[in-house]
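Visitor:
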Amino acid sequence: MPDDRSTVQADTAVRAPGGPPLLASRLAPAVPGEPMVLRPRLARLLDDAVRRPVTLLRAPAGWGKTTLLATWRRTRQEADPGAPMPAWVSVEAGDDPDRLWSYLGAALRSVVDPAETPLPGRAPSPDELEILAAALAARDQPVLLIVDDLHRITEPAALAGLEFLLRHSEQRLRLVAAGRTGPPLALHRLRLAGELTEIGPDDLAFTGDEIADLLTAHGVAVPVAAVARLRQLTGGWAAVLRIAALALGERPDPERWISELGADQPEIAGYLRAEPLAGLAPADRELLRRAAIVDAVCADLAAALSGAADAEERLSTLADDSGLLHHDGGRPVWYRCHPLLADLLHRELARLPGDELRDLHLRAAGWYAGNGRPAAALRHALAAGDWTAATDLFVIQWPELVPYERPPGVGPAPAPPPPEAVERDPELALACAAERALDGDAGAAVAYLRQAGRHSRRLPQPRRNRFGRLVAAVELTLARLAGDPQAIRSAAARLLATDEGHPTGDPPTVRAVASAATRAVKRGHAPAAPAGVGMPSAETADPATPTGGAEPPPAEVAGPAAVVAGSGVAGMRGHAGEDADVRAVAGTALALLALDEGDLAGAATGFAGALAAARAAARPRTELVCASRWSLVTALRGELRAAEQVARSALALPPCQGWSALLDCGYAHLALAVVALHRDQPAEAEAHLGLAAPAGGEPVPGAVAGWCRACLRHDEGEVSVGHRLLVEARAGWGARGGELGSWLRAAELDLHSARGDVQTARELVGDRPAEPATGAAAALAVAAARTELRAGDPRAADRLLPDWTAEPAADWPLPVRLDAALLATVLAVRAGDDRRAGRMLEQALDLAAPEDYRRPFLLAEPGVRELLAAHLDSGTAHWPLVSDLVRAVDTPAGQAGGTGTADAAVAPLDEPLTERELTILRYLQSILSNVEIAAELSVSVNTVKTHVRNIYRKLDATRRRDAVRRARQLHLI
Numbered sequence: 001m002p003d004d005r006s007t008v009q010a011d012t013a014v015r016a017p018g019g020p021p022l023l024a025s026r027l028a029p030a031v032p033g034e035p036m037v038l039r040p041r042l043a044r045l046l047d048d049a050v051r052r053p054v055t056l057l058r059a060p061a062g063w064g065k066t067t068l069l070a071t072w073r074r075t076r077q078e079a080d081p082g083a084p085m086p087a088w089v090s091v092e093a094g095d096d097p098d099r100l101w102s103y104l105g106a107a108l109r110s111v112v113d114p115a116e117t118p119l120p121g122r123a124p125s126p127d128e129l130e131i132l133a134a135a136l137a138a139r140d141q142p143v144l145l146i147v148d149d150l151h152r153i154t155e156p157a158a159l160a161g162l163e164f165l166l167r168h169s170e171q172r173l174r175l176v177a178a179g180r181t182g183p184p185l186a187l188h189r190l191r192l193a194g195e196l197t198e199i200g201p202d203d204l205a206f207t208g209d210e211i212a213d214l215l216t217a218h219g220v221a222v223p224v225a226a227v228a229r230l231r232q233l234t235g236g237w238a239a240v241l242r243i244a245a246l247a248l249g250e251r252p253d254p255e256r257w258i259s260e261l262g263a264d265q266p267e268i269a270g271y272l273r274a275e276p277l278a279g280l281a282p283a284d285r286e287l288l289r290r291a292a293i294v295d296a297v298c299a300d301l302a303a304a305l306s307g308a309a310d311a312e313e314r315l316s317t318l319a320d321d322s323g324l325l326h327h328d329g330g331r332p333v334w335y336r337c338h339p340l341l342a343d344l345l346h347r348e349l350a351r352l353p354g355d356e357l358r359d360l361h362l363r364a365a366g367w368y369a370g371n372g373r374p375a376a377a378l379r380h381a382l383a384a385g386d387w388t389a390a391t392d393l394f395v396i397q398w399p400e401l402v403p404y405e406r407p408p409g410v411g412p413a414p415a416p417p418p419p420e421a422v423e424r425d426p427e428l429a430l431a432c433a434a435e436r437a438l439d440g441d442a443g444a445a446v447a448y449l450r451q452a453g454r455h456s457r458r459l460p461q462p463r464r465n466r467f468g469r470l471v472a473a474v475e476l477t478l479a480r481l482a483g484d485p486q487a488i489r490s491a492a493a494r495l496l497a498t499d500e501g502h503p504t505g506d507p508p509t510v511r512a513v514a515s516a517a518t519r520a521v522k523r524g525h526a527p528a529a530p531a532g533v534g535m536p537s538a539e540t541a542d543p544a545t546p547t548g549g550a551e552p553p554p555a556e557v558a559g560p561a562a563v564v565a566g567s568g569v570a571g572m573r574g575h576a577g578e579d580a581d582v583r584a585v586a587g588t589a590l591a592l593l594a595l596d597e598g599d600l601a602g603a604a605t606g607f608a609g610a611l612a613a614a615r616a617a618a619r620p621r622t623e624l625v626c627a628s629r630w631s632l633v634t635a636l637r638g639e640l641r642a643a644e645q646v647a648r649s650a651l652a653l654p655p656c657q658g659w660s661a662l663l664d665c666g667y668a669h670l671a672l673a674v675v676a677l678h679r680d681q682p683a684e685a686e687a688h689l690g691l692a693a694p695a696g697g698e699p700v701p702g703a704v705a706g707w708c709r710a711c712l713r714h715d716e717g718e719v720s721v722g723h724r725l726l727v728e729a730r731a732g733w734g735a736r737g738g739e740l741g742s743w744l745r746a747a748e749l750d751l752h753s754a755r756g757d758v759q760t761a762r763e764l765v766g767d768r769p770a771e772p773a774t775g776a777a778a779a780l781a782v783a784a785a786r787t788e789l790r791a792g793d794p795r796a797a798d799r800l801l802p803d804w805t806a807e808p809a810a811d812w813p814l815p816v817r818l819d820a821a822l823l824a825t826v827l828a829v830r831a832g833d834d835r836r837a838g839r840m841l842e843q844a845l846d847l848a849a850p851e852d853y854r855r856p857f858l859l860a861e862p863g864v865r866e867l868l869a870a871h872l873d874s875g876t877a878h879w880p881l882v883s884d885l886v887r888a889v890d891t892p893a894g895q896a897g898g899t900g901t902a903d904a905a906v907a908p909l910d911e912p913l914t915e916r917e918l919t920i921l922r923y924l925q926s927i928l929s930n931v932e933i934a935a936e937l938s939v940s941v942n943t944v945k946t947h948v949r950n951i952y953r954k955l956d957a958t959r960r961r962d963a964v965r966r967a968r969q970l971h972l973i
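So in our numbering, spot 568 of the sequence shown is number 568, and the numbers just go up one at a time.
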């Protein structure tokens with residue numbers, strides 16, 4: 001046998017026995033260009049990946065696939081010169097099966113002795129494949145084969161032999177394939193068997209640190225903020241970053257060049273046209289170009305923009321095969337282009353004739369208006385110059401045009417409407433103000449607001465009343481953009497004063513608006529309106545008053561005006577509907593303010609009222625905002641079933657489909673994470689925390705997510721890590737205070753005492769009221785009492801523990817009441833009063849059972865487990881729950897202050913599983929029968945049964961479910 005290392009040299013040509021000459025350049029990678037940046041993160045990822053039979057690198061052109069594989073191959077050789085050298089084959093366009101196998105045979109010749117195992121110089125026959133598979137299976141060390149640009153293979157038959165070797169070489173052949181599209185291999189089978197590692201653009205993208213290393217290697221020094229900006233603009237695209245690094249070396253002001261980076265840069269535009277776009281069919285490129293009129297596109301919208309009946313299939317192909325589009329994974333699927341590619345296509349759109357561009361905007365506006373996305377419809381109607389549609393959209397849909405998240409940056413403004421159009425319809429200027437506010441351009445919004453006010457006094461009286469309501473809504477939006485709490489309260493008061501049920505201007509005092517928020521409105525003093533804005537009196541409004549306008553859109557285009565008119569709501573919603581709109585928008589603004597201030601009780605009441613009003617007014621966007629936040633606040637206050645129900649209903653709302661509402665969906669997922677945490681479902685909590693990431697930039701979800709992660713780490717025994725995460729969460733919350741601030745302080749106090757740092761815990765307690773009347777004070781008092789108990793002073797703990805049975809305690813968050821009840825139970829046990837302890841434990845179970853609480857019992861102080869077990873014998877109304885808790889306490893996920901985890905208690909295997917047994921074990925997770933597993937692996941069913949018996953024996957299991965559970969505990973699958 002020859003040495004395992006490759007012997008292919010960089011000659012101009014080599015020759016297969018009896019075959020044509022072969023290019024040596026296709027049997028070894030090209031030397032990467034300098035300067036070269038090492039990326040240890042990806043090298044480790046590849047090192048781990050090649051432990052499986054197939055590793056697939058799939059990404060568009062320029063994402064660094066070939067460079068990564070070449071540098072990884074070289075560094076492996078340098079780190080261990082005696083290790084087997086991965087064989088290399090570069091595929092070229094036009095390679096048929098015979099040509100491909102001539103190169104595969106030449107590459108494998110360096111690791112298989114041709115004298116013992118004849119290697120084919122063409123597509124092998126079945127007999128030749130079996131001989132080669134047997135030779136590979138007999139090797140001590142696996143053979144690493146790198147095949148680059150595998151997407152150039154268009155004939156599935158060319159890879160049939162390679163797939164046979166992968167199945168029958170006993171995993172001694174490890175294939176690393178790179179390409180722009182998925183190869184014609186049975187990827188689904190490989191995934192199911194756990195034999196495939198996939199590395200995509202998200203993995204290959206340069207991180208901020210890697211970008212900084214690249215710039216440094218090119219002699220470019222920029223601030224950290226500029227590196228982050230470059231990462232955001234390029235998405236970590238390797239080729240674009242290298243182009244940028246080369247260009248920055250010649251620029252006197254690199255930071256400014258980065259801030260202005262776009263597809264207008266000749267080098268970048270040239271690359272995008274020559275590589276990613278050049279290989280597209282003209283129809284696909286035209287579809288991308290027309291879709292660039294919008295930020296994200298689904299199949300239905302793409303069909304409306306392009307007229308392509310097969311838009312869904314083509315978008316899916318562009319995403320899966322070319323990688324030019326990224327999808328959100330929802331239903332329906334929404335797609336988004338890479339930022340620079342979208343910028344290039346958008347610039348190409350700008351060169352279209354004016355009529356064609358206007359037609360695209362009208363098509364987009366019509367689709368958005370008919371599919372419940374009025375904000376996008378308004379933006380495109382204004383861009384198309386359809387003043388009538390824009391005005392009608394704003395007048396009818398204004399509650400759905402209120403921005404509830406801060407825009408990432410000020411976008412380009414549509415061309416202003418002509419003065420005569422605004423004079424005829426002052427509401428048009430308000431529509432422009434609303435559009436600018438949606439983009440965060442407060443200055444332009446105020447200017448439009450003043451322009452509208454100059455023409456408002458000539459309006460007839462009913463229309464003036466409606467105009468005043470619309471002005472108040474825009475002012476509330478601007479106050480929220482400014483972030484001024486007093487201005488928000490004052491603007492909400494002015495909007496509430498237009499409520500038909502309160503013509504005097506006094507804010508309403510009904511259940512639809514939180515009592516705390518109402519008091520805040522009454523304390524507010526309305527400042528003067530911007531100069532030039534007329535504030536009409538709040539009399540009976542008549543939304544049926546029509547507005548004049550410009551020419552309607554062409555008949556052949558279903559524009560937004562036609563959609564609104566066809567919906568049956570144009571011009572009139574009724575007084576009840578408009579009053580519900582007012583309560584929904586004003587109530588939401590005040591509830592958001594309470595949430596930002598940490599007033600969880602006020603926010604819960606406010607969101608509940610605003611949610612009811614939004615549902616009554618049929619405003620799904622406002623309903624989503626209220627439902628997602630209300631579910632989080634309700635989960636924090638312990639109403640788990642209600643929180644779970646509302647969070648899941650929020651995620652099912654139409655606005656949650658696609659990228660348009662990721663922030664709101666993040667709140668709902670965070671609520672589900674809190675619910676899962678309290679129910680001791682750590683895996684589910686972790687999953688929802690990942691989905692809640694888009695909301696993590698806001699103060700409240702950022703703090704709550706930090707608390708959740710701290711609790712999860714604490715429950716796993718990593719108390720120090722949990723403490724660090726909680727300190728970071730408190731620091732992120734800052735000095736806002738409120739109930740949430742006190743609650744975070746109580747959590748940190750509890751972690752300090754769990755670590756044995758009693759002195760710091762006592763200092764965190766601070767001054768406390770003699771008898772806590774609020775949930776925030778009660779949380780601190782319970783944490784302080786637990787600290788004293790852990791310090792060995794049960795009497796002091798008993799003095800500090802608030803009375804959780806008193807009437808005011810009914811308003812505490814349920815987790816606080818449960819903690820107090822269980823701590824009182826432990827104190828009763830310590831005092832020898834078992835009867836009182838049993839009675840209080842039953843009361844705690846009465847509180848916990850309806851919401852399915854588990855975590856407080858599992859983390860309670862020592863003694864609760866014995867009391868729970870005794871409770872089963874003495875009798876309880878919650879026998880199933882107590883039985884589950886006793887079993888869970890017997891095998892806890894982790895002990896406070898410990899260092900191990902649940903996995904540490906799992907005994908290792910006496911006899912390890914073989915590679916084939918591990919493969920079959922992965923199939924056991926599925927619903928496939930033994931016969932089906934045998935068919936997938938091309939072996940007999942008796943072979944599978946033999947392996948299954950061995951798996952059961954080694955895992956000490958008697959059935960499939962037990963074997964899978966045990967394997968997961970051991971991290972085998």
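Yeah, the Cβ is synthetic: ideal placement off N, Cα and C, and Gly gets one too.
Only a predicted model underlies this, so the values are computations on that prediction, with no experimental measurement involved.
How long is the line joining the alpha carbons of Leu-241 and Ala-28, rounded to whole angstroms?
Guide: If I take the Cα positions, the gap works out to 25 angstroms.
Visitor: Is it right to say Asn-465 is buried, meaning 16 or more other beta carbons lie within 10 angstroms of its own, or is it exposed?
Guide: When all chains shown are included, Asn-465 counts as buried.
Visitor: Scan the stretch 142-182 and note each continuous beta strand (DSSP E) run of 3 residues or more that stays entirely inside, going in chain order.
Guide: Here the runs fully enclosed are 143-148 and 173-179.
Visitor: State the Cα-Cα distance for the pair Asp-542 and Pro-332, rounded to the nearest angstrom.
Guide: Interpretation of Asp-542 is limited by its pLDDT of 35, a score under 50 that renders its predicted location unreliable; the figure taken from the coordinates is listed afterwards. Distance between the alpha carbons of Asp-542 and Pro-332: 38 angstroms.
Visitor: Which word fits Asp-441, buried or exposed, when buried means at least 16 other C-beta atoms lie within 10 angstroms of its C-beta?
Guide: Label assigned to Asp-441: buried.
Visitor: To the nearest angstrom, report how far apart Pro-808 and Gly-732 are at their CA atoms.
Guide: Near 31 angstroms, if we compare the C-alpha coordinates of Gly-732 and Pro-808.
Visitor: Using 8 angstroms for Cβ pairs, my map puts Ala-365 next to Tyr-335. What's the rounded Cβ distance?
Guide: That belief does not hold up - the Cβ atoms of Ala-365 and Tyr-335 are roughly 20 angstroms apart, past 8 angstroms.
Visitor: Which of the three DSSP states is assigned to Ala-415 in this structure?
Guide: It is coil, neither helix nor strand.
Visitor: Could you give the distance in angstroms between the alpha-carbon of Arg-373 and the alpha-carbon of Leu-401?
Guide: Approximately 9 angstroms between the Cα atoms of the pair.
Visitor: Run the CB neighbour count on Trp-879, radius 10 Å, all protein chains shown included, and call it buried at 16 or more, exposed below.
Guide: Exposed.
Visitor: Please report the distance separating the alpha-carbon of Asp-715 from that of Gly-832.
Guide: Between Asp-715 and Gly-832, the C-alpha separation is close to 29 angstroms.
Visitor: Residues in the same chain with beta-carbon distance under 7 angstroms from Ala-390, minus the five sequence neighbours each way, listed in chain order, please.
Guide: The answer, listed in chain order, is Leu-378, Ala-381, Leu-382, Leu-428 and Ala-431.
Visitor: Start and end of the beta strand (DSSP E) containing Leu-196?
Guide: Here the beta strand (DSSP E) through Leu-196 covers 196-199.
Visitor: Please classify Asp-599: is it buried, with 16 or more other beta-carbons within 10 angstroms of its beta-carbon, or exposed?
Guide: Burial call: buried.
Visitor: Using DSSP with H/G/I as helix, E/B as strand and the rest coil, what is Trp-237?
Guide: Three-state DSSP puts Trp-237 in coil, outside helix and strand.
Visitor: Report the start-end ranges of each alpha helix (DSSP H) in the stretch 626-664 that is 4 residues or longer and not cut off at the edges.
Guide: Here the runs fully enclosed are 640-651.
Visitor: How about Ala-83 and Arg-76: do their beta carbons lie closer than 8 angstroms?
Guide: Closer than 8 angstroms, so yes.
Visitor: In terms of residue numbering, what span does the alpha helix (DSSP H) encompassing Val-446 cover?
Guide: Here the alpha helix (DSSP H) through Val-446 covers 442-454.
Visitor: Please list the terminal residues of the continuous alpha helix (DSSP H) segment that includes Asn-380.
Guide: Asn is not the amino acid found at residue 380; the sequence shown has His there. Where His-380 is concerned, the enclosing alpha helix (DSSP H) stretches over 374-384.
Visitor: Pick helix, strand or coil for Arg-99, following the three-state DSSP scheme.
Guide: DSSP places Arg-99 in helix when its eight states are reduced to three.
Visitor: Using a 10 Å radius around the Cβ and a threshold of 16 neighbouring Cβ atoms, would you call Gly-697 buried or exposed?
Guide: Exposed, by the Cβ-count rule.
Visitor: Under the assumption that Glu-597 contacts Gly-734 (Cβ atoms under 8 angstroms), give the Cβ distance between them as a whole number of angstroms.
Guide: Going by Cβ atoms, the distance from Glu-597 to Gly-734 rounds to 12 angstroms, so no, they are not a contact pair.
Visitor: Which residues in the same chain as Glu-644 place their Cβ atom closer than 6 angstroms to its Cβ, once the five residues preceding and following it in sequence are excluded?
Guide: Excluding sequence neighbours, Glu-644 sits near Val-675.
Visitor: When the Cα of Leu-740 is compared with those of Ala-754, Val-704, Gln-925 and Leu-751, which residue comes out closest?
Guide: Per the Cα distances, Val-704.
Visitor: Please identify the residue among Pro-40, Leu-68 and Leu-495 whose C-alpha is closest to the C-alpha of Pro-32.
Guide: The candidate whose alpha carbon is nearest that of Pro-32 is Leu-68.
Visitor: What do you reckon, are the CB atoms on Arg-1001 and Ala-292 nearer than 8 angstroms?
Guide: Beyond the ends of the chain as shown, which are 1 and 973, falls residue 1001; an answer cannot be given.
Visitor: Could you compute how far the alpha carbon of Thr-547 sits from the alpha carbon of Ser-631?
Guide: Any reading at Thr-547 must be qualified, since the residue scores a pLDDT of 36, below 50, and its modelled position is unreliable; the value itself is stated next. For Thr-547 and Ser-631, the distance between alpha carbons rounds to 40 angstroms.
Visitor: Check whether the stretch 152-164 and the stretch 181-197 are in contact - that is, three or more C-beta pairs closer than 8 angstroms.
Guide: Yes: at least three Cβ pairs fall under 8 angstroms.
Visitor: Who are the near neighbours of His-346 in its chain, counting only those whose CB is closer than 7 angstroms to its CB and skipping five residues on each side?
Guide: Here the set comprises Ala-292.
Visitor: Tell me which residues share the same chain as Arg-231 and place their Cβ nearer than 8 angstroms to its Cβ, disregarding the 5 neighbours each side in the sequence.
Guide: The answer, listed in chain order, is Phe-206, Thr-207, Gly-208 and Ile-211.
Visitor: Between the alpha carbons of Thr-498 and Val-585, how many angstroms are there, rounded?
Guide: Their backbone Cα atoms lie some 12 angstroms apart in a straight line.
Visitor: In terms of DSSP beta bridges, what is His-326 paired with?
Guide: In DSSP, His-326 forms a bridge with Arg-336.
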